[in-house]
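Same order as they appear, the protein sequences are chains Z and C.
Be aware that the first sequence starts at 0, since it is given in numbering that gives the first Met the number 0, and climbs by one per residue.
Be aware that the second sequence starts at 0, since it is given in numbering that gives the first Met the number 0, and climbs by one per residue.
Where a beta carbon is used, it is the ideal one built from N, C-alpha and C, also for glycine.
Here's the structure, in structure tokens; my notes come after.
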Amino acid sequence: MAFLEVDNMSLEFGGVKACQNVTLKLEPGILYGLIGPNGAGKSTIFNVLTGIYPPTRGDVKLGGESLVGKKPFEIAQKGIGRTFQNIRLFKELTVLENVMSAFYSSSHSSMLDMVFETGKFHTEEADVRAKSMELLKVMGIEDLAEVPAGGLPYGKQRKLEIARALGLNPKLLLLDEPAAGLNPTETRELTDLIRKIQKDRNITVLLIEHDMGLVMKICEKIYVLVQGQLVCEGTADVVQNDKRVIEAYLGVDE
Amino acid sequence: MKNINKTFLIIAMFFGLAILLNFVMGGFSFDVASLFYAKPTRWQGLISPYYYAVLVILCVNVVLSVSLALLNGFTGLFTMGHAGFMAIGAYTSASIVTFMLPTAPFFIQMIVGSLCAGTIAALIGFLIGVSSLRLNGDYLGMVTLGFSEIIRIMLLNIDAVGGARGMTDIPQYSNLGSVLLLAVIVILVIKRIRDGRLGRAMLAIKENEMAANMMGINPLAIKVKAFVISSFIAGVAGSFFAHSEGYLSTQTFTFVKSFEVIAMNVIGGLGSLSGAILGAGILTVLPEALRKVQDITGIDLRMIIYALTMILIMILRPQGLMGNREWKWLSSK
Ligand SMILES: Nc1ncnc2c1ncn2[C@@H]1O[C@H](COP(=O)(O)OP(=O)(O)O)[C@@H](O)[C@H]1O
Ligand SMILES: [Mg+2]
């Protein structure tokens, strides 16, 4: 049984069939790619996985347990972290506080601990701070820790979103077009970083990306989605040479 | 450990000042506690009854403003019923102390009165929170406004608490010393909540609820917590207000009072604790200071100047006087 299973999942918005009978089986510790033209339903799959939309039909299971009907924050607590295609940072919080906020559900200071600033509060706070700093270092933005997140340049905001998602200590990390809007140098740098994080932490990553080169280079397995339907899955070689993909995706998009 | 010492240091400093003041006001005596309770006779040696009354209201307003800041400034919940929670606290405490503990020692009255006031206000805050926090922002404002007026009209019709005549002869154990101490404690408590994990979660929800969800934060639970804490404090503020004044009228707790507290937050700067304090200061002191102007000019320009000042601040500094900055002693570093 796979670690994350999306089983014949369909989602309709009124008449729009955003996803049709999508089936994914993700194994632990592997970097997956999810590609497809604009409007194919890629982000919608993420929104279903994270509980924002309940699927119209079908099921989503994490470690054998169905996630359908669970609240978004409950799913996040179970270990699914994500970033957003249109960045959603806590703009007025500092870069460091953004990451620290992801430790909310894994820390335990009570209100009295906070009000009396007890030893427990200080130990935990220092611990969360250190771990968050560590994540900022991983993403190479530790020198910006005290800057309000909204003031970061675009590329660094994308990195901060990844650092924040890692603060949840996720088993599955969903990255929605993390390289969108970056220049080629930044894209290459980020690609290597994603690969490294995935290997170092041995987590499962599902990466939505527009940049075909990026996906082909780092993903072990790629799913191709066209108009809400999976048309092909396999290694970069398989996908690149698949007729339907070339027609439906490369042909249309480039 | 270092910071527990800081808590004690602040309290010790406060009592140190109290002893000093005690000395200034009546020669040296060990009866320092009387600075914090009972009739303001001792204080009146130092300041005129007029300034005394203004300072008491100032402290109560600071407490109200700071507790509302937790809701609309930090958690992003726009409510319009703060006066309602204050009224619940004021009348609860006044009734319990007047009818059940009229002869108890002052500290028993103070502790039982303010805790009951806070608890009942928090309980009602909880019920309103749970039932209305699923609503989006504007509706929440309406519901809390309506609720607060309902409370007021109910109180107006209860004869036991004086009805339209108001409630008189409430034991006056509280005074400037105790409301000042209350204000200091409440400011510290709110600051520390803001700087802990709960405060970060509140700010995260205000900034982006969807992203907060994705970080494993349960927005509804945090909002209810904010609601309960804020109404508890408003209730306690009401209790101290009742026992400082010795008299309660439902006219004090109309929606005008709720709007006044919102204005304090907005003028100081939504999201800034320092701003909430500054706003309370300005909105309490400005109308009083303008009385003096009236004495000189002979015509009542108070409301005009007051309104113009508000408008000017909103035009020149729409983000409020403090924006989202903090004074050093209240900053999170
Ligand atoms: N909340 C929504 N309501 C209605 N339609 C939606 C909603 N979200 C997405 N869609 C539609 O679903 C389709 C897939 O969108 P999306 O998942 O964002 O595509 P992608 O991420 O692959 O570019 C699009 O046609 C989009 O308009
Ligand atoms: Mg998308």
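Assign residue i to one of two classes, buried (16 or more other C-beta atoms within 10 Å of its C-beta) or exposed (fewer than that).
i: residue 11 (chain C); result: exposed
i: residue 148 (chain Z); result: buried
i: residue 87 (chain Z); result: buried
i: residue 108 (chain C); result: buried
i: residue 106 (chain C); result: exposed
i: residue 9 (chain C); result: exposed
i: residue 173 (chain C); result: buried
i: residue 41 (chain Z); result: buried
i: residue 175 (chain Z); result: buried
i: residue 135 (chain C); result: exposed
i: residue 201 (chain Z); result: exposed
i: residue 126 (chain C); result: exposed
i: residue 217 (chain C); result: buried
i: residue 243 (chain Z); result: exposed
i: residue 81 (chain Z); result: buried
i: residue 49 (chain C); result: exposed
i: residue 47 (chain Z); result: buried
i: residue 252 (chain Z); result: With a pLDDT of 47 at residue 252 (chain Z), under the threshold of 50, the predicted position of this residue should be treated as unreliable, and no value is reported.
i: residue 222 (chain Z); result: buried
i: residue 75 (chain C); result: buried
i: residue 160 (chain Z); result: buried
i: residue 138 (chain C); result: exposed
Bridge partners for residue i per DSSP, in chain order?
i: residue 289 (chain Z); result: Since the displayed chain Z opens at 0 and closes at 253, residue 289 (chain Z) lies outside it and no answer follows.
i: residue 206 (chain C); result: DSSP output for residue 206 (chain C) lists no bridge partner at all.
i: residue 58 (chain Z); result: Z:6
i: residue 122 (chain Z); result: Paired residue(s): none; residue 122 (chain Z) is not in a bridge.
i: residue 166 (chain C); result: C:247
i: residue 147 (chain Z); result: Z:93
i: residue 175 (chain Z); result: Z:207
With DSSP collapsed to three states, give me the class of residue i.
i: residue 243 (chain C); result: helix
i: residue 73 (chain Z); result: helix
i: residue 221 (chain Z); result: strand
i: residue 65 (chain Z); result: strand
i: residue 233 (chain Z); result: strand
i: residue 0 (chain C); result: Low confidence applies to residue 0 (chain C): its pLDDT is 47, below 50, so where it sits in the model is not reliable enough to give any reading.
i: residue 80 (chain Z); result: strand
i: residue 170 (chain Z); result: coil
i: residue 286 (chain C); result: helix
i: residue 213 (chain C); result: helix
i: residue 211 (chain Z); result: helix
i: residue 226 (chain Z); result: coil
i: residue 218 (chain C); result: helix
i: residue 252 (chain Z); result: Per-residue confidence for residue 252 (chain Z) stands at a pLDDT of 47, beneath the threshold of 50, marking its modelled position as unreliable; the derived number appears in the next sentence. Three-state result, residue 252 (chain Z): helix.
i: residue 391 (chain C); result: No answer is possible for residue 391 (chain C): the residues shown for chain C start at 0 and end at 332.
i: residue 242 (chain Z); result: helix
i: residue 264 (chain C); result: helix
i: residue 22 (chain Z); result: strand
i: residue 205 (chain Z); result: strand
i: residue 93 (chain Z); result: strand
i: residue 147 (chain C); result: helix
i: residue 328 (chain C); result: helix
i: residue 231 (chain C); result: helix
i: residue 76 (chain C); result: coil
i: residue 17 (chain C); result: helix
Since residue i is in the alpha helix (DSSP H), which residue starts that stretch and which ends it?
i: residue 112 (chain Z); result: 110-114
i: residue 253 (chain C); result: Neither: residue 253 (chain C) is in no alpha helix (DSSP H) and is coded neither H nor E.
i: residue 190 (chain C); result: 175-194
i: residue 43 (chain Z); result: 41-48
i: residue 314 (chain C); result: 301-315
i: residue 190 (chain Z); result: 183-200
i: residue 81 (chain C); result: 81-94
i: residue 49 (chain C); result: 48-67
i: residue 51 (chain Z); result: First-last for residue 51 (chain Z): undefined, no H or E at that position.
i: residue 108 (chain C); result: 105-131
i: residue 71 (chain C); result: Per DSSP, residue 71 (chain C) belongs to no alpha helix (DSSP H) and is neither H nor E.
What are the boundary residues of the beta strand (DSSP E) that includes residue i?
i: residue 32 (chain Z); result: 30-34
i: residue 141 (chain Z); result: Segment: none, residue 141 (chain Z) is in no beta strand (DSSP E) and carries neither H nor E.
Quiz: which residues have CB nearer than 6 Å to ligand 1 non-hydrogen atoms | Z:12, Z:15, Z:17, Z:35, Z:37, Z:38, Z:39, Z:40, Z:41, Z:42, Z:43
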